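Step one of this worksheet: look at the structure below.
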Amino acid sequence: MKALPFFFILLCCTACGNADQDAAEIAQEQATLAAQDAAYKAMMDGHDRVMPMLGRITQAQRTITEQLTAGGVSEDYRELLLAANEQLEDADDGMKNWMNKIRPLDELREDKDAEEVMSYIKEQTRDIADVEANITSSLANADEIIQGDSHVHDGSEDHTH
0 MKALPFFFIL LCCTACGNAD QDAAEIAQEQ ATLAAQDAAY KAMMDGHDRV
50 MPMLGRITQA QRTITEQLTA GGVSEDYREL LLAANEQLED ADDGMKNWMN
100 KIRPLDELRE DKDAEEVMSY IKEQTRDIAD VEANITSSLA NADEIIQGDS
150 HVHDGSEDHT H
């Protein structure tokens, strides 16, 4: 019978130790989830910066198409317009491809461990940054061509669009 109180004390100490360990594990899990939430939000902030640029791509392509169909542009300028349009299309496709492959955070957590989730988010953050850079440069190039360069219409006059 004297062993019974000792066993009870040992059981209590073990139970308290498990409670502390469980609390530490819960705190660690909460910190991991918070870090994932913050990283995912930062990635989506990149997405939110890029989305409005898609409208600018559409407008630039519309302007390019108008200039091409109006005719009377020099062959060199026509080639510049076509190249700019292709670059805009590629940038737009890059955004669409990124959006098609992005997965919701809850889904990621179901399929991947914590390290894999963060790795995926970091990869997608790099990818959306690349998409943003491509869109920004393609828009700048198109704007420069459309608004900044002089070119010859029908081989007769120089002017700026």
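With numbering that gives the first Met the number 0 as the guide, the letters of the sequence shown map in order to residues 0 to 160. Each residue gets a CB set at the ideal place from its N, CA and C atoms; glycine is no exception. Quick caveat, the model's predicted, so the values are computed rather than measured.
Query, Result
"Below 7 Å CB to CB, which residues in the same chain sit around E131 once its five sequence neighbours on both sides are set aside?", "G45, R48 and V49"
"What three-state label does DSSP hand T159 in the structure shown?", "A caution first: T159 carries a pLDDT of 45, below 50, which makes its placement in the model unreliable, though a value can still be read off. Looking at T159 - three-state DSSP - the assignment turns out to be strand."
"Considering only DSSP beta bridges, list what V49 is partnered with.", "In the DSSP output, where bridge partners are listed per residue, V49 has none listed."
"Would you mind giving the Cβ-Cβ distance between L32 and A59, rounded to the nearest angstrom? I have them listed as a contact below 8 Å.", "Not really, about 41 Å apart at Cβ, beyond 8 Å."
"Output the residue ranges of the alpha helix (DSSP H) runs that lie fully inside the region 68-128 and measure 4 residues or longer, sorted by chain position.", "74-100 and 104-110"
"According to the Cβ coordinates, are Q66 and L80 closer than 7 Å?", "yes"
"Would you call the region 112-129 in contact with the region 26-43, where contact means no fewer than 3 C-beta pairs closer than 8 Å?", "yes"
"Answer yes or no: do I144 and A83 have a C-beta to C-beta separation smaller than 7 Å?", "yes"
"Does the Cβ-Cβ distance between A90 and I134 come in under 7 Å?", "yes"
"Hey, how far is the Cα of A23 from the Cα of S137?", "50 Å"
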